[in-house]
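Heads up: the sequence lines are chains Y and D, in that order.
Take the first sequence: its letter number 47 is residue 736 in the numbering used here, and every next letter is one higher.
Take the second sequence: its letter number 69 is residue 74 in the numbering used here, and every next letter is one higher.
Report on the following structure.
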Amino acid sequence: MTTPLLDVRGLSIALPPGADRPLAVDNLTFTLNPDEILCVVGESGSGKSMTAHAMMGLLPAPHVRVAGGSLLFKGKDVLAMPEAEQRSLRGGRIAMVFQEPMTALNPLMRVGRQIGESLREHTDLPAPARRARVVELLAQVGLPNPAELAEAYPFRLSGGQRQRVMIAMALACQPDILIADEPTTALDVTTQKQILDLIRSIQAERHMGMMFITHDFGVVAEIAHRVAVMRHGKLVEYGAASDVLNRPQHPYTRQLIASVPHYIEHRDDHAKTGAPLLVADKVRKVFNVGGGLFKKSKQVVAGDDLSLTIHPGETVGLVGESGSGKSTLGRSIVGLIKPDSGRILFEGTDLLALDRKGFRPYRRAVQMVFQDPYASLNPRHRVGDIVAQGPVAFGEDRNRALARARELLAMVGLDGSAADRFPHEFSGGQRQRIGIARALAMEPKLLVADEPVSALDVSVQGQVLDLLDDIRRRLNLAMLFITHDLRVAAQVCDTIAVMRRGKIVEMGTAREVFTHPRDTYTRSLLDAIPGKAWHIPVDLQQAPAGAH
Amino acid sequence: MMNSDFWRAFARNKGAVLGLVILIAIVVLAAFASVFFPGDPWEMATAPFQPPLSEDALLGSDMLGRDIASGIAHGARVSLLIGLTSTAAALAIGVTLGALAGFHGGKVDDAIMRFTELFQTIPNFVLAVVLVAIFTPSLTTIVLAIAIVSWPPLARLARAEFLSLRSREFVQAAITTGQSNSTIILRQILPNSLSPIIVSASLMVATAILLESSLSFLGLGDPNAMSWGYMIGAARTVIRQAWWMSVFPGLAIVLTVLALNLVGEGLNDALNPKLARSRG
């Protein structure tokens, strides 16, 4: 047995007094071997990033500090080293890739210089050799025209390209350990796949030890050799990837794996009945970006020739990557955006032809659930008021509306006292339930849900999806479900429409789209789903929706 | 908003507490001016040119024998009254225009902001002097003049807050649940944009007091109301012989403005959610 590259023994990290728990990381012990990818999995607040930050000396001193234990790098305790030695280790022997490629690069510095910085810091290469090395690194991470790109500023690069630059920067000094903190979470699924492929091949080539932090078991299945599952700062399960993924032992791991969204094979096709509830017909929206008194604005086509039909009781999934125009269509339907042309027919009436007053009655019928549960509730209003405000605006008696709000809050699984509290007293998942109750208070026929679970942790995601599914079944609601995550769409949608660059490229039943995709883009999206080769253990698969 | 958390955060800033204490002292002085110093401050109370600590004039008397201490106490009324009312008037104009511009955007925004810029291009004090000179000096015209020259920054601030809050999801949710524009502006956005507005309003009271003093110094104050600026203006010719005539009213202005600034800073700390979180 080789000595581990990194040996974490009994590591504890203390949070400042008054935090929700005394220790962010509690007596954590694990090892990282050379030539291995260790995935550290956990939900937000599990302490997984804190662990990485402790290694890199990034803990927000003086509030958060290491309270005990040791971090051995090749047998030497990093925490006991003098400051200068720690610094040369970081960036030199241990490198890190961050989650947010948009903010991790200095916007005022050319890409090449930023990579060159750590070479200048940690090696004695002369300037021309450094420049050559930078270009070589950029080529290694698969960027086109590396020599030209080294002279570019970060704003010219896409998210995926920036993440490649971050990886090149981390690789600059040939580190023994690469720590990646959710490096693909902010990226689109097809980009995520490319970055994961890149990370895997670089790791294999250089035999590095890699600590990969993620919340997504799909990603784990894609790259991990070993897995450590963390919860509330404690290690709950630790073992070889194949064991943890296929035979999870700890109840929490089982719960996490069970809540990974997945396509349900035996879901019944939706039987379309009656006249369509909503028909979007050749909707087109162009945004004018920039421009001013003396400057012509740039036109961005957000939606072009979008057509879509939703029947009563049907859930239509609108799937696409960022910038594909999926939210534009959703917002046009609820009347937050006015399209430039086309028709949106609701029960036969063209909503776009109506003026403000004429549109008002239809507001009740079409409601929206928003993406960010932290931004979608007014922080200064009580929850009961938030839910009751809509009906009150439509002339309902305030006390009746408040009583109804309590019923609805109970229906979405919150207890009665919730109505008297303020939004900040609730967790993300609970807030999203409040958002759903607010939409239901209007007694809508169509619910537009714009990425309703993308800001939530996996286990909470599952609960909210179940709630949405349950409610639309009970109330026979039609739903337009907008998401970037095909797995989520697969779990709740009857029909799926795939969008790309402002166009719907494919629309069909969930079964068709998943098993026989016609469009090449749909195929590439399906292909990019992380962990598609891995099947969730049968005993943890969810009951097919529709079997209620 | 005015709960115990707020006070705890406010009390953490020692300067702010000091400012609040000074401010309360000044308010008490103004409120009970006629109790402490009965009689008209314009009346001759003792011999002219009495230095401070004289028998019947604690802070001395001016060239007409009027009691300086009495003038300061009565002047506090005018200063505070003008500071508060003109700020209130400026808030009414600025927040209304800023809210409309930020909420509606587009052409309404363009029109209102061009109008605002019109006022911003004219130097504040010059405009105030012109306005008071045209409308003849009185408390009302001074308040109006100060309000008219000081609303533009408030309008810009309110507009910025409304612009950013307008695109927030809870406002969009209010739109989709059919709430009217006025409900959205007054109930959804305004309460969330108040913190920075309160902070700059508290600082604006200080600026208004300075403006009023400057106007009075130039002889454009209300001729019937004793004011600190007037006292300094009148005493400037004899400053070498009788320093106390201008120094004490000057100190009163400095203390008041300093106290208001300290309080404003404390409010900023207490109302700023980012600082509040890091205190954890």
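Think of the CB as a built atom: it goes at the ideal place given N, C-alpha and C, for glycine as much as any other residue.
Proximity winner among the options, relative to residue i (alpha-carbon distances)
i: Val916(Y); options: Ala741(Y), Leu1007(Y), Ala1186(Y) and Val933(Y); result: Val933(Y)
i: Trp249(D); options: Ile73(D), Pro43(D) and Thr51(D); result: Ile73(D)
i: Pro1050(Y); options: Leu1175(Y), Met1131(Y) and Ala743(Y); result: Met1131(Y)
i: Ser4(D); options: Glu270(D), Phe175(D) and Glu217(D); result: One cannot answer for residue 4(D) here, as it falls past the ends of chain D, which runs 6 to 285.
i: Thr874(Y); options: Ile866(Y), Leu867(Y) and Gln883(Y); result: Gln883(Y)
i: His1224(Y); options: Ala910(Y), Val1202(Y) and Gly1019(Y); result: Ala910(Y)
i: Lys987(Y); options: Asn977(Y), Asp993(Y) and Lys961(Y); result: Asn977(Y)
i: Ala841(Y); options: Arg799(Y), Thr880(Y) and Arg809(Y); result: Arg799(Y)
i: Leu846(Y); options: Leu860(Y), Pro950(Y), Leu827(Y) and Pro864(Y); result: Leu827(Y)
i: Leu272(D); options: Val148(D), Ala21(D) and Ala62(D); result: Ala21(D)
i: Leu86(D); options: Leu223(D), Ser172(D), Ser9(D) and Leu144(D); result: Leu144(D)
i: Ala773(Y); options: His811(Y), Met739(Y) and Gly758(Y); result: His811(Y)
i: Ala131(D); options: Leu23(D), Thr51(D) and Ile151(D); result: Residue 131(D) is actually Val in this sequence, not Ala. Here the closest residue by C-alpha is Ile151(D).
i: Ile1193(Y); options: Gly1118(Y), His1000(Y), Leu1215(Y) and Asp994(Y); result: Asp994(Y)
i: Ile868(Y); options: Ser890(Y), Ala930(Y), Ser948(Y) and Arg782(Y); result: Arg782(Y)
i: Ala1099(Y); options: Ala1126(Y), Ala1090(Y), Leu1040(Y) and Leu1214(Y); result: Ala1126(Y)
i: Lys971(Y); options: Ala964(Y), Gly992(Y), His951(Y) and Pro965(Y); result: Gly992(Y)
i: Gly1117(Y); options: Ser733(Y), Arg936(Y), Gln863(Y) and Pro723(Y); result: Ser733(Y)
Element boundaries [alpha helix (DSSP H), containing residue i]
i: Met118(D); result: Gly111 to Thr126
i: Ala211(D); result: Leu195 to Phe222
i: Gly898(Y); result: Run containing Gly898(Y): none in the alpha helix (DSSP H); it sits in the beta strand (DSSP E), Gly898 to Thr903.
i: Glu911(Y); result: Phe906 to Ile912
i: Asn273(D); result: Trp249 to Leu276
i: Ala1179(Y); result: Leu1175 to Val1181
i: Asp1074(Y); result: Val1072 to Ala1082
i: Tyr1063(Y); result: From DSSP, Tyr1063(Y) is part of no alpha helix (DSSP H); its letter is neither H nor E.
i: Tyr941(Y); result: Pro940 to Ala947
i: Thr182(D); result: No alpha helix (DSSP H) holds Thr182(D); DSSP gives it neither H nor E.
i: Ala38(D); result: Ala38 to Phe41
i: Met49(D); result: Element bounds for Met49(D): n/a, residue is neither H nor E.
i: His742(Y); result: Lys737 to Met744
i: Ile237(D); result: Trp233 to Ala240
i: Leu64(D); result: It is not in any alpha helix (DSSP H) - Leu64(D) carries neither H nor E in the DSSP assignment.
i: Val154(D); result: Leu144 to Arg171
Delimiting residues of the beta strand (DSSP E) encompassing residue i
i: Ala16(D); result: Premise fails: Ala16(D) lies in the alpha helix (DSSP H), Ser9 to Arg17, not in any beta strand (DSSP E).
i: Ile1171(Y); result: Ala1167 to Thr1172
i: Asn977(Y); result: Leu967 to Val978
i: Leu721(Y); result: Leu712 to Leu721
i: Gln1056(Y); result: Val1055 to Val1058
i: Ser701(Y); result: Leu695 to Ala703
i: Glu926(Y); result: Lys923 to Ala929
i: Val730(Y); result: Glu725 to Val730
i: Ala1186(Y); result: Thr1184 to Arg1189
Residue i (DSSP reduced to helix, strand or coil)
i: Phe1203(Y); result: helix
i: Tyr952(Y); result: coil
i: Arg1163(Y); result: helix
i: Ile1218(Y); result: coil
i: Gln883(Y); result: helix
i: Gln988(Y); result: strand
i: Thr1198(Y); result: strand
i: Leu23(D); result: helix
i: Lys961(Y); result: coil
i: Leu867(Y); result: strand
i: Ala708(Y); result: coil
i: Met919(Y); result: strand
i: Asp1086(Y); result: coil
i: Ile999(Y); result: strand
i: Pro1233(Y); result: Its pLDDT being 46, under 50, Pro1233(Y) is placed unreliably in this model, and the coordinates cannot settle the point.
i: Leu1158(Y); result: The sequence shown places Asp at residue 1158(Y), not Leu. Looking at Asp1158(Y) - three-state DSSP - the assignment turns out to be helix.
* Can you list, in chain order, the stretches of the beta strand (DSSP E) that have 3 or more residues and sit fully within the segment 1004-1052 of chain Y? -> 1004-1009 and 1030-1035
| request: List in chain order: all unbroken beta strand (DSSP E) runs of 3+ residues lying wholly within the segment 1101-1142 of chain Y. | output: 1135-1139
Discussion item. Give the list of continuous beta strand (DSSP E) stretches no shorter than 3 residues that lie fully inside the segment 749-789 of chain Y.
Written reply: 754-762 and 783-786
- [ ] Specify whether the segment 900-908 of chain Y and the segment 1184-1197 of chain Y touch according to this definition: at least 3 beta carbon pairs, one from each stretch, less than 8 Å apart.
- [x] Output reads no: the segment 1184-1197 of chain Y does not touch the segment 900-908 of chain Y.
- Spell out a yes or no on whether the segment 1041-1055 of chain Y and the segment 155-167 of chain D are touching, meaning 3 or more CB-CB pairs, one atom from each, closer than 8 Å. no
*asked:* Quick check for students: name the residue ranges of the alpha helix (DSSP H) that lie wholly in the segment 791-851 of chain Y, counting only runs of 4 or more.
replied: 800-811, 816-829 and 835-838
Would the segment 847-865 of chain Y and the segment 828-837 of chain Y be scored as touching if the rule is three or more Cβ pairs under 8 Å?
Yes, the segment 847-865 of chain Y touches the segment 828-837 of chain Y.
Note to self: Tell me whether the segment 940-954 of chain Y and the segment 1006-1021 of chain Y touch, counting them as touching only if at least three CB pairs, one residue from each stretch, are closer than 8 Å.
What the structure shows: no
Would you call the segment 1031-1039 of chain Y and the segment 1195-1213 of chain Y touching, i.e. three or more CB-CB distances under 8 Å?
no
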